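One structure is given here, and the rest of the page talks about it.
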Amino acid sequence: MITGFLPLPLVPLILRAWPLPSHGMWSTSFVYLTGVLHIGMTSFFYLDQEMGKFRRERPHLFITWPLVIGVSATFALTVLPGFGQALINVAFAAWLGWHYTCQQVGVVAIALKSEVASARLRSRERTFIRCTAAVTIIGLVRSVDLTATPLRHVDLLLACRMAFLALVVALVWLLVRSAVEAAPGGGRPTTRAVSLLWATAFMSPVVFLRNPIVATATIAAVHSLHYVFLVSYLSRSRRRWAWAGTLAVGSLTGGVYIVLLVWGRTNGVLSHAVPAMLLTMVAAHRLVDTRVWRLREPERLDYMRRSFQFL
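For what it's worth, the working numbering labels the leading residue of the sequence shown as -19, then goes sequentially.
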């Protein structure tokens, strides 16, 4: 959780020093390395020998569906008019917001179990964290070009702030309840309170930062650092220096992503191949994560327990 707090003030400060228009290459590289680094680290689950049986039983999860989504989205963005393109981008932003929120559920659950192995989230606490997706998604949609849609008439920042205020009220109620009720599975109320406060703080950039690109870059960096830490720790438990290779692959992927994005072909067949590849990488990361970290499945829990013993 500590790794997540660092980017909250740092990313806006760095992008203030290197604003995107005047320092395009530096700021673009920073944004994509912090936000895309973790996508390449998903390769660990494609290569880990212990995942072999899991991969063979689910070829659609690891190969077919990422390709279908990547190619279909690229085709749609190529042939659809402005309104259709905006809808595709809004859908991807909504999926991204839900993806971020699912990670926060996992981070909070792991934080509780790191203190007491039997500790678990209450159903109302899990629901609260999932409801934060509404704020995150609205904030991410602000970064999409909505000129061709009716949403251009909506003050999304105001909607974000109103939803955030409602969630803060709900958070206060949760904290009061957790202070007077025994925690399920044990653990201190303080740990639970800090964990829920973190889940609320995660969405704060899209609420308080007026620039939607800076806000999106900030929560992307938070999400990325959490993922980098978790997968590095996981890979290190398999082989001593495996974390270095996993991190190197992630860095290389981030670099390739930037190169293709900045210098990729804008005409001919390759102009479609580049976005298809990038969208396929993103889809693979999000789809694989939905199953690999699903700790309520005994097989997945046993797999993660070998690295995170407190689970």
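Ideal placement from N, C-alpha and C gives every residue a C-beta, glycine not left out. The structure presented is a predicted model; accordingly, all values stated were derived computationally and were not measured.
Its Cα nearest to that of Leu67, the residue Asp125 stands out among Met142, Arg286, Glu105, Asp125.
Under the three-state reduction of DSSP output, Met21 falls in the coil class, being neither helix nor strand. Here DSSP, grouped into helix, strand and coil, assigns Trp223 to helix.
Annotation: the continuous alpha helix (DSSP H) that includes Ala181 extends over 169 to 182.
When secondary structure is reduced to three states using DSSP, Gly235 falls in the helix class. Look at Phe144 here: in three-state DSSP terms it is helix. Distance from the CA atom of Leu154 to the CA atom of Glu105, rounded to whole angstroms, is 7 Å. The three-state reading of DSSP puts Trp153 in helix, counting H, G and I together. In the assembly as shown, Val262 is a buried residue. Its beta-carbon has 16 or more other beta-carbons within 10 Å. Boundaries of the alpha helix (DSSP H) around Ala114: 103 to 121. Beta-carbon to beta-carbon, Arg35 and Phe42 are separated by about 5 Å, close enough to satisfy the 8 Å threshold. Within the same chain, Cβ atoms closer than 6 Å to the Cβ of Gly62 are found at Ala128, the five residues on either side in sequence being excluded. Considering only Arg132, Trp78, Asn191, Met142, the residue with the shortest C-alpha distance to Asp269 is Trp78. For Trp273, the secondary structure class from DSSP, reduced to helix, strand or coil, is coil. In the same chain as Val96, and ignoring 5 residues on each side of it, the C-beta atoms closer than 8 Å to its own belong to Gly165, Gly166, Gly167, in chain order.
Within the model, the alpha-carbon separation for Tyr237 versus Ile49 is close to 18 Å. In this structure the stretch 203 to 218 does not touch the stretch 142 to 152; the number of beta carbon pairs closer than 8 Å is below three.
When Ala200, Ser287, Ala71 are compared, the shortest CA-CA separation from Ser184 is found for Ala200. Using a C-beta cut-off of 8 Å, the stretch 155 to 163 makes no contact with the stretch 134 to 142, since fewer than three inter-stretch Cβ pairs fall below that distance. Taking C-beta atoms under 8 Å as the contact rule, Leu138 and Arg122 fail to qualify, at a distance of about 11 Å. For Asp282, the uninterrupted alpha helix (DSSP H) run begins and ends at 278 to 285, by DSSP. The C-beta separation of Val208 from Leu76 comes to about 17 Å, leaving the pair out of contact by the 8 Å criterion.
Taking 8 Å as the upper bound for CB-CB distance, Thr180 and Leu151 are in contact here, some 5 Å apart. In the displayed model, Phe288 falls within coil according to three-state DSSP, outside both helix and strand.
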